[in-house]
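Asker: These protein sequences, in sequence, are chains S and Z. Every letter in the first sequence is one number past the one before it in numbering that gives the first Met the number 0, and letter 80, counting from 1, is 79. Every letter in the second sequence is one number past the one before it in numbering that gives the first Met the number 0, and letter 18, counting from 1, is 17. Even glycine gets a Cβ: it sits at the ideal position worked out from N, Cα and C.
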Amino acid sequence: MTTTIIKTTTRLLAPLILVFGLYIILHGHLTPGGGFQGGAVVASGLALLIVAHEHKKVKELFERAPLSQLESIGALGFLGTGLLGLAGYTFFKNVIANSGFLFGGKTPIGINPGYLNTGGTLAYMNIFVGMKVLAGLTSIILIFFLILKEGEK
Amino acid sequence: MNFLGFFEIAQILVGIGLLVSAIVAIRFKNLVAAVIAMAVFSLILSLEFYLLQAPDVAIAEAGVGAGLTTAMYLLAIKNTTDEEVIE
């Protein structure tokens with residue numbers, strides 16, 4: 000499945016897909032899309048990279064990729080961001096909004112083009128969900144690729 | 000009889016495209032070609048979601064339906080033996 004056409008297309012297309020997925024995750028509170036959609040786009044870019052390369056290269060490339068750790072960090076971070084609101088308020092209370100922290104800028108009233116440094120905990124939750132979806136979907140493809148190839152020998 | 004707008008024409012074309020790609024995906028004897036037809040079906044379906052003003056669902060459909068499931072199907076087909084598969 001690793002022909003020259005697929006390799007050349009992947010070399011051109013994969014960086015664009017990965018950057019677009021990260022853009023969707025980071026701008027989840029401003030534009031359509033969010034953690035899940037961006038994570039799925041990044042995972043499909045990584046799937047393209049996995050399918051287009053040889054078994055040995057993929058194995059040595061993804062051997063030290065912390066996919067399991069990323070998934071755990073995603074779940075625990077999402078829960079921790081939700082628990083942050085329990086400090087005096089309710090579960091999932093947006094405590095970071097308008098606080099001056101990162102992603103805690105003041106939101107202007109009225110129609111505006113959308114500013115990245117707003118949103119409070121929403122941006123953090125999008126990043127954590129994106130991390131989890133990315134790691135989960137990529138590991139599914141990786142297990143399909145590696146284990147099925149192992150049985151072939 | 001009133002004239003159809005752009006929205007109605009696009010709906011009809013997308014519906015025809017969905018039907019054709021779905022029938023083609025069933026009728027193909029070559030499994031790899033059938034999987035590609037399914038990816039085309041998923042892509043047209045994401046266009047339909049975008050026309051119905053659900054860009055969130057459209058991005059999810061394009062990423063999961065056209066990208067990930069196609070890769071999974073191709074990896075699974077590549078590791079099965081069947082005389083219908085043309086390498």
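Take residue 40/Z as the anchor and find which of 53/Z, 25/Z, 71/Z and 54/Z has the nearest alpha-carbon.
Answerer: The residue with the shortest Cα to Cα distance from residue 40/Z is 25/Z.
Asker: Taking buried to mean at least 16 other C-beta atoms within 10 Å of its own C-beta, is residue 125/S buried or exposed?
Answerer: buried
Asker: What are the residues of the region 33-46 of chain S that lie near chain Z, defined by any Cβ-Cβ distance shorter than 9 Å?
Answerer: 33, 35, 36, 37, 38, 39, 40, 41, 42, 43, 44 and 46
Asker: Give the single residue among 99/S, 73/S and 131/S whose Cα lies nearest to the Cα of residue 116/S.
Answerer: 99/S
Asker: Looking at the structure shown, is residue 105/S part of a helix, part of a strand, or coil, going by DSSP?
Answerer: coil
Asker: Rounded to a whole number of angstroms, what is the C-alpha to C-alpha distance between residue 13/S and residue 44/S?
Answerer: 5 Å
Asker: May I ask you to verify whether the region 30-44 of chain S touches the region 84-94 of chain S, counting CB pairs closer than 8 Å and requiring at least 3?
Answerer: no
Asker: On a CA-only basis, which of 55/S, 51/S and 83/S is nearest residue 146/S? Give me that one, please.
Answerer: 55/S
Asker: If you count every other CB in all the chains shown that lies within 10 Å of the CB of residue 79/Z, and 16 or more means buried, which is it?
Answerer: exposed
Asker: Pull up the distance between the alpha-carbon of residue 4/S and that of residue 57/Z, whole angstroms please.
Answerer: 28 Å
Asker: Quick check: what's the CA-CA separation for residue 72/S versus residue 109/S?
Answerer: Cα to Cα, residue 72/S sits roughly 36 Å from residue 109/S.
Asker: Short check: CB of residue 86/S to CB of residue 119/S, under 7 Å?
Answerer: no
Asker: Return the first residue and the last residue of the alpha helix (DSSP H) that residue 5/Z is part of.
Answerer: Per DSSP, residue 5/Z belongs to the alpha helix (DSSP H) from 5-26.
Asker: Given 8 Å as the limit, is there contact between the region 50-64 of chain S and the region 12-21 of chain Z, that is, 3 or more CB pairs closer than that?
Answerer: no
Asker: Smallest Cα separation from residue 15/Z: which of 62/Z, 43/Z and 73/Z?
Answerer: For the residues 62/Z, 43/Z and 73/Z, the minimum Cα distance to residue 15/Z belongs to 43/Z.
Asker: Quick check: is any heavy atom of the ligand MG less than 6 Å from the C-beta of residue 109/S?
Answerer: Ligands are entirely absent from the displayed structure, and the ligand MG is therefore not among its contents.
Asker: With 7 Å as the threshold, decide whether the Cβ of residue 13/Z is near any Cβ in chain S.
Answerer: no
Asker: Flag residue 14/S as yes if its beta-carbon sits less than 7 Å from any beta-carbon of chain Z, otherwise no.
Answerer: no
Asker: Can you tell which of 105/S, 40/S and 10/S has the C-alpha that lies nearest to the C-alpha of residue 21/S?
Answerer: 40/S
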